[in-house]
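Student: Here you go, one structure.
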Amino acid sequence: MTGYRFNTAPELRVGLGTALEVGAYCAQLGIKRPLLVTDPGLLAVGLVTPVQEAMAATCEHVALFSEVTADPAESVVLDALAVLQAGEADGVVGLGGGSSMDVAKAIAVLAAGSQTLAEAYGVDKVVGGRLPLILIPTTAGTGSEVTPVAVITTGETTKAGISSPVLLPDIAVLDAELTLGLPAHVTAMTGIDAMVHAIEAYTSKIKKNPVSDMLARQALTLLSANQRRVLSHPDDVAAREAMLLGATLAGQAFANAPVAAVHALAYPLGGHYHMPHGLSNALMLPAVLRFNAPCRRGALSGAGEAATRASCARRRGFRELV
Ligand SMILES: NC(=O)c1ccc[n+]([C@@H]2O[C@H](COP(=O)([O-])OP(=O)(O)OC[C@H]3O[C@@H](n4cnc5c(N)ncnc54)[C@H](O)[C@@H]3O)[C@@H](O)[C@H]2O)c1
Ligand SMILES: [Fe+2]
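Using the working numbering, the first residue of the sequence shown is number 1387, and each one after it goes up by one.
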């Protein structure tokens, strides 16, 4: 076997209510003046205030930036950076979907160094370190909480990524309670995004390795067993937990064995038509799978087995596998 490298976030905190322990995680990282980065939708549904209060319990001062927009533009990153600098923040907490977490990652890097945003775009272009960083996903989709990537919209129809292991957070917090109120259309699209991450990581021709394969397979098992359930029973907390873990495992997989043609074709679709990332992936997936099938038959059948593993196990009565 050829050698490979596997990177991921050093610490996951998983469990119901863990988001409300964020004050303790700030203390663990020595953060006294955090900036909480989130979006107005989350503020409106009441998910932000309890987290902000939990941070205030251990921190001297908590600043809030709640202006993140979907597919965040460079101007959003720069606005968030200005709030961070004005509040002399010494750490960043990203709360939300991929959009909020990506802004949190980008400003944690920009605040610690002297690079401009444009200089940080690309692979391994980040010079220096970052501020302490905690990421708390509220969607079960992007896996951004464990990927070394921040995706920023650079123009009307273009996106660019900062890709560096420096962007991996110190702590990723998986609290499925935060995802209980996720609207059905966001649940569906973010869940498909996570599945595509696992499928592309598992069927990738490059960088695929035994660790990413194991994570992608388990992600597919969890996601395919629970995607319909969270749509028909949005309050099923066990199903929400399985989706959140599945999305994170898929994120760990594709952070090391990359996504491929589905994402490459989905990005311009999203850019031109401003459609959600999961939807553009869903539209591209069947065509790419058909195109790849002749030369990736083995990997595709392995992904298919992982995706149907839960339903097979259920039929045989092995509930613990699901
Ligand atoms: N960094 C990475 O590795 C990575 C990977 C894939 C995609 N992305 C990026 O992530 C972004 C998409 O992220 P996303 O799909 O998570 O969506 P998002 O962060 O844009 O959020 C979508 C909407 O869902 C709402 N929402 C989120 N959680 C909610 C909750 N629990 N309850 C109610 N409403 C909630 C938000 O308010 C927002 O309006 C894109 O910019 C994409 O390019 C990043
Ligand atoms: Fe994606």
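Virtual Cβ for every residue (Gly too), placed ideally from N, Cα, C.
1. Would you kindly work out how many angstroms separate the C-alpha atoms of residue 1566 and residue 1492, rounded to a whole number?
2. Between which residues of its own chain and residue 1569 is the CB-CB distance below 7 Å, once the five residues before and five after are set aside?
3. Does the beta carbon of residue 1660 fall short of 8 Å from some heavy atom of ligand 2?
4. Taking DSSP as the reference, what is the three-state secondary structure of residue 1537?
5. Leaving out five residues before and five after residue 1410 in sequence, what residues of the same chain have Cβ atoms less than 8 Å from its Cβ?
6. If you measure from the CB of residue 1621, is any heavy atom of ligand 1 nearer than 8 Å?
7. Is the beta carbon of residue 1458 within less than 8 Å of some heavy atom of ligand 1?
8. Using three-state DSSP, classify residue 1549 as helix, strand or coil.
9. Around the C-beta of residue 1389, are 16 or more other C-beta atoms found within 10 angstroms, so that it is buried, or is it exposed?
10. Taking the beta carbon of residue 1396 as the centre, do at least 16 other beta carbons fall within 10 Å, making it buried, or is it exposed?
11. For ligand 1, is there a heavy atom less than 8 Å away from the beta-carbon of residue 1574?
12. Compare the C-alpha of residue 1547 against each of 1406, 1391, 1403 and 1459 and name the closest.
13. Rounded to whole angstroms, how far is the Cβ of residue 1576 from the Cβ of residue 1664, which I believe are closer than 8 Å?
14. Excluding sequence positions up to five away, which residues of its chain have a Cβ less than 8 Å from the Cβ of residue 1402?
15. Which residues neighbour ligand 2 when neighbourhood means a C-beta less than 7 Å away from any of its non-hydrogen atoms? List them by chain order.
16. Apart from the five residues on each side of it in sequence, which residues of its chain come closer than 8 Å, Cβ to Cβ, to residue 1593?
17. List, from N- to C-terminal side, the alpha helix (DSSP H) runs of 4 residues or more that fit wholly inside the stretch 1558–1617.
18. How would you call residue 1621, buried or exposed, if buried means at least 16 neighbouring beta carbons within 10 angstroms?
Tutor: According to the structure shown:
1. 27 Å
2. none
3. no
4. It is a strand residue.
5. These residues qualify, in order along the chain: 1444.
6. Residue 1621 Cβ: outside cutoff for every heavy atom of ligand 1.
7. yes
8. strand
9. exposed
10. exposed
11. no
12. 1459
13. 5 Å
14. 1561, 1562, 1563, 1623 and 1627
15. The set of residues whose C-beta lies within less than 7 Å of a heavy atom of ligand 2 reads, in chain order, 1528, 1579, 1582, 1583, 1645, 1649, 1663 and 1667.
16. Excluding the 5 residues flanking it on each side, residue 1593 has same chain C-beta neighbours closer than 8 Å at 1390, 1642, 1643 and 1644, in chain order.
17. The stretch 1558–1617 contains these whole alpha helix (DSSP H) runs: 1570–1589.
18. With fewer than 16 Cβ atoms within 10 Å of its Cβ, residue 1621 is classed as exposed.
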